[in-house]
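Protein chains in written order, with this note's numbering: chain X, 10 to 899; chain F, 511 to 629.
For each residue, glycine too, the CB sits at the ideal point set by N, CA and C.
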């Protein structure tokens, strides 16, 4: 081989090896390095011939590998020590500072968008995803009675005997406990202290073991501390304990409940908050636990009064648990219901607790994701526009040898930096937003106390922001990497901006489609909420104030005393200045608390002869005289209850559903109907004051007098011309005057109650409409950016058109048409999405079909309107084009 | 000595670095030139080209040497070569290193590791 040829080969070899060094080192030292090797090679040939040269060939890669790697790990230059990333971050930061409007709008958009996302994410994570604060919470289940073949009740409480049956030795069910649905209690620390009302639940002694909760102070119930005649013991929740002054010496002290002494044996830990299950009544936080005073095995199997909780053996699958519970159910059915078809079924503890809020959360979560993808598209579009502005710079720097990776990196960095800043602000906004959400939320929002933004969530939001932004930046980055001088020269002739403008249009179309979905969902939910607000629940809520008074048998042993107390309270309340009427009920509307009874009316004209059809499960509600008037319910026939009670005659008012069912000819008034062993005389027919939902009738209702049925805790209602809550001191002093032992509790206005019953819908409506507005803003920004870019790009063409005689309005139309086309494309792509989202939000909609044409058309029209406005504003700039001047410049 | 504060942080120099300063103290060189100098010093192990150029880059960065403004040599007058010269700081560091080595030598003699008299 000739020497020059060998040298040539050597050079190619050394150049190849040079690549082992990092690029910036190569920029600076590469040529010199190769040249030094060549010098070596020449010397080697001169001094030792080919052998030496070949030795060098073998030594060189070792050298290059070692030093190339070392240089990468530990670069020589100081700025390289922070990496190219460091320098790029500086450059990007400087670039953003120089474009404050862009930086601020982008960060603001990201803050709002990510903030909303974070609020929803917090709610979804804390409520849907996070496990409940019990030991192995996945193994915990509520158990319900399904009465469907017997009567219309799908989710009934258990009988005490069911719980004993569940507690029997079983390979799947490890433990079972019962909770009495609810027991209000008049509580005082010492005899004669100011009484207060607390929520007490009676329970099986093993409840805390079952949940895996150890008391923070003292102990839990011993297995034998249950049943009749036992010593009275009580375990306090942390909440009540702090309300009582957080005295650690409370364990062992005697306190009073309903005037009877109880010994406090323990205080539960702070994180333990147990909320009454809403199947029994509206959720309410429990303040204290006491064990059952009865032996569960001796209770009536017919009476469903207990909430059952079981713990399955660790890791048992839900199907196996369902089968085991079902088997127990068959035993119960055969034993107590002569196999008429009663079933028992388990529901996971968490699934049960969140069942009411779940549809709202799932929809919100989906909406949050849609909004996030819009945010990504929007950011991508903005970054692309910005990259296009820098097209020239990019092309030149590419031509000067900057490598594609560097350009990609700086574009990604720009996006990532914006995303991180936006994410940080978004997380901060979420802290505020979440607390606002919790404040808005009613007390019974499941696991309300658990909702707050924590570090993990904040970190996730920042990371999501960063990732989303980097994702958004990939498109402009890819585009920038492809830009070259020749492509710039080729496109500058027409200034078409080729690929990037096509991409931006595509993104605008996608954004229009997504925002159509969000907007229509938002509109449907808001519309449904409006309907709910306007729904007539059968009473007038405004100006009604309510309180609850308990009259436990310990204080009022005789029924006569209770009635006398209620009479004096009703009279005293009616005399408070500003009160126009006072009455009382055993179950306030919309609180779902009534007791149920199956009624049959033998001989009623509406009977069909079909025994099943002629049985009606009804809510029995006690109301005192004047209630229909105070609540402003509608009397359809007959009269209401008056102060005068005829001895020996129990009166009833029925609702229109019962009247229609049994007396289709409208002759219900005056008829006597049986209820249990008693007979009731119907004196009137009313439209029901709805007990469950604002917008739909619940079970048929029979209204009776509490005096006849011995309802003890009553809700007193007052209609007032004053601000309702201002009545409370007057009510307190009136009651204290009559009997100082009875505390006034649960002071609420009827409006509060209506609001609380609408809460899942109101939260859904508020958040979804915020999302829809956010989406509208995003799409307007995106579209206006595209149109304005197009105006700038087509300035020349438009100027020519103007110069040739087209008038401004015609040119304006031309530009607008371009925007309108994109919007129409987006609308037609988004239309099927409405169908999908409609299915998702079905659970949130009340009285509105997910394909309600008026609402959907209105949503599409408003989207069209806003987007056209977003086109018009930048398009107006065409009016400012002065053809002569512009053409001369060009 | 005030001016030499901060010099200590460069000490001890790596062998290749001391060689570079030694060569450049005599005049401008390019990288291979320094290698040739080292070979001429009968050094047992001559640094590889890569090691040399990394050391040069590092020393430029820390201000011990600087790139020469012109490509001085005209023999193989190739513009691809980088020429370097020593800075005053580099000179001070080289001197300090030489003193350090000298002190070590003295200590070695006192300790009997080396023969007492200077050859």
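Since residue i and residue j are thought to touch, with beta carbons under 8 Å apart, how far apart are those beta carbons, to the nearest angstrom?
| i | j | result |
| --- | --- | --- |
| residue 548 of chain X | residue 640 of chain X | 4 Å |
| residue 773 of chain X | residue 364 of chain X | Not a contact, Cβ separation roughly 15 Å. |
| residue 584 of chain X | residue 724 of chain X | The pair is not a contact, with the Cβ atoms about 19 Å apart (cut-off 8 Å). |
| residue 780 of chain X | residue 243 of chain X | Contact doesn't hold; Cβ gap of about 47 Å is too wide. |
| residue 648 of chain X | residue 714 of chain X | Contact doesn't hold; Cβ gap of about 13 Å is too wide. |
| residue 599 of chain X | residue 727 of chain X | At roughly 17 Å, the Cβ-Cβ gap does not stay under 8 Å, so residue 599 of chain X and residue 727 of chain X are not in contact. |
| residue 609 of chain X | residue 624 of chain X | 5 Å |
| residue 564 of chain F | residue 80 of chain X | 6 Å |
| residue 438 of chain X | residue 540 of chain F | Between residue 540 of chain F and residue 438 of chain X the Cβ distance is about 60 Å, and since that is not below 8 Å, they are no contact. |
| residue 131 of chain X | residue 466 of chain X | 5 Å |
| residue 796 of chain X | residue 884 of chain X | 6 Å |
| residue 260 of chain X | residue 276 of chain X | 7 Å |
| residue 447 of chain X | residue 460 of chain X | 5 Å |
| residue 610 of chain F | residue 521 of chain F | 6 Å |
| residue 694 of chain X | residue 677 of chain X | 6 Å |
| residue 590 of chain X | residue 638 of chain X | 6 Å |
Output the boundary residues of the beta strand (DSSP E) element that contains residue i.
| i | result |
| --- | --- |
| residue 727 of chain X | 723 to 729 |
| residue 710 of chain X | 710 to 713 |
| residue 653 of chain X | Residue 653 of chain X -> no beta strand (DSSP E), and no H or E assigned at all. |
| residue 264 of chain X | 263 to 266 |
| residue 188 of chain X | 182 to 189 |
| residue 554 of chain X | 553 to 558 |
| residue 549 of chain F | No beta strand (DSSP E) holds residue 549 of chain F; the alpha helix (DSSP H) holding it covers 541 to 550. |
| residue 521 of chain F | That residue, residue 521 of chain F, is in no beta strand (DSSP E); it is neither H nor E in DSSP. |
| residue 270 of chain X | 269 to 276 |
| residue 636 of chain X | Note, residue 636 of chain X: premise wrong, no beta strand (DSSP E); alpha helix (DSSP H) at 636 to 639. |
| residue 560 of chain F | It is not in any beta strand (DSSP E) - residue 560 of chain F instead sits in the alpha helix (DSSP H) that spans 559 to 571. |
Which stretch, first to last residue, makes up the alpha helix (DSSP H) that contains residue i?
| i | result |
| --- | --- |
| residue 6 of chain X | There is simply no residue 6 of chain X to check, as chain X begins at 10 and stops at 899 in what is shown. |
| residue 597 of chain X | Careful: residue 597 of chain X lies outside any alpha helix (DSSP H) and carries neither H nor E. |
| residue 173 of chain X | 169 to 176 |
| residue 300 of chain X | Segment 297 to 300 is the beta strand (DSSP E) holding residue 300 of chain X; no alpha helix (DSSP H) there. |
| residue 131 of chain X | 109 to 132 |
| residue 575 of chain F | Where residue 575 of chain F is concerned, there is no enclosing alpha helix (DSSP H), although the beta strand (DSSP E) it sits in stretches over 575 to 577. |
| residue 740 of chain X | 737 to 747 |
| residue 593 of chain F | Not the alpha helix (DSSP H): residue 593 of chain F falls in the beta strand (DSSP E), residues 593 to 596. |
So who's on the other strand from residue i, going by DSSP bridges?
| i | result |
| --- | --- |
| residue 622 of chain X | Answer is none; residue 622 of chain X lacks a bridge partner. |
| residue 12 of chain X | None; residue 12 of chain X has no bridge partner. |
| residue 883 of chain X | Answer is none; residue 883 of chain X lacks a bridge partner. |
| residue 688 of chain X | X:683 |
| residue 352 of chain X | X:155 |
| residue 588 of chain X | X:729 |
| residue 793 of chain X | In DSSP, residue 793 of chain X forms no bridge with anything. |
| residue 165 of chain X | X:154 |
Practice prompt. Closer than 7 Å, Cβ to Cβ, to anything on chain F: give me those residues from the segment 30 to 56 of chain X, in chain order.
Written response: 34, 37, 38, 40, 41, 42, 44, 45, 46, 48 and 49
Discussion item. Can you confirm whether the segment 178 to 188 of chain X touches the segment 223 to 242 of chain X when touching is taken to mean that 3 or more C-beta pairs between the two stretches lie within less than 8 Å?
Written reply: no
Worksheet item: What residues from the segment 549 to 561 of chain F come within 7 Å of chain X, judged by C-beta to C-beta, listed N to C?
Response: 558, 559, 560 and 561
Worksheet item: Are the segment 171 to 182 of chain X and the segment 302 to 319 of chain X touching by the rule of at least three beta carbon pairs closer than 8 Å?
Response: yes
Worksheet item: Just checking, does the segment 387 to 396 of chain X make contact with the segment 139 to 154 of chain X on the three C-beta pairs under 8 Å criterion?
Response: no
Worksheet item: With a cut-off of 8 Å, do at least 3 Cβ pairs link the segment 414 to 426 of chain X to the segment 470 to 489 of chain X?
Response: yes
Item to complete: Could you say if the segment 516 to 527 of chain X and the segment 786 to 806 of chain X meet the contact criterion of at least three C-beta pairs nearer than 8 Å?
Response: yes
Worksheet entry | Validate contact between the segment 110 to 125 of chain X and the segment 428 to 441 of chain X using beta carbons, cut 8 Å, 3 pairs | yes
Fill in: Stretch pair the segment 214 to 229 of chain X + the segment 135 to 147 of chain X: three plus CB contacts closer than 8 Å
yes
Fill in: Cβ pair count under 8 Å reaching 3, the segment 654 to 664 of chain X against the segment 686 to 693 of chain X
yes
Item to complete: Answer yes if the segment 748 to 756 of chain X comes into contact with the segment 482 to 492 of chain X, meaning at least three C-beta pairs across the two stretches below 8 Å, and no otherwise.
Response: no
Worksheet item: What residues in the segment 516 to 543 of chain F have a beta carbon less than 8 Å from any beta carbon of chain X?
Response: 540, 541 and 542
Item to complete: Evaluate contact between the segment 61 to 79 of chain X and the segment 12 to 31 of chain X, counting only Cβ atoms and requiring at least three cross-stretch pairs below 8 Å.
Response: yes
Discussion item. Would you call the segment 261 to 275 of chain X in contact with the segment 318 to 335 of chain X, where contact means no fewer than 3 C-beta pairs closer than 8 Å?
Written reply: no
Item to complete: Inspect the CB distances between the segment 821 to 837 of chain X and the segment 865 to 881 of chain X and report whether three or more fall short of 8 Å.
Response: yes
Fill in: the segment 665 to 682 of chain X / the segment 610 to 619 of chain X touching (three or more Cβ pairs under 8 Å)
yes
Worksheet entry | Three-pair Cβ contact test at 8 Å for the segment 612 to 626 of chain F versus the segment 53 to 66 of chain X | no
Discussion item. Under 8 Å: do the segment 339 to 359 of chain X and the segment 750 to 764 of chain X share three or more Cβ pairs, one atom per stretch?
Written reply: no
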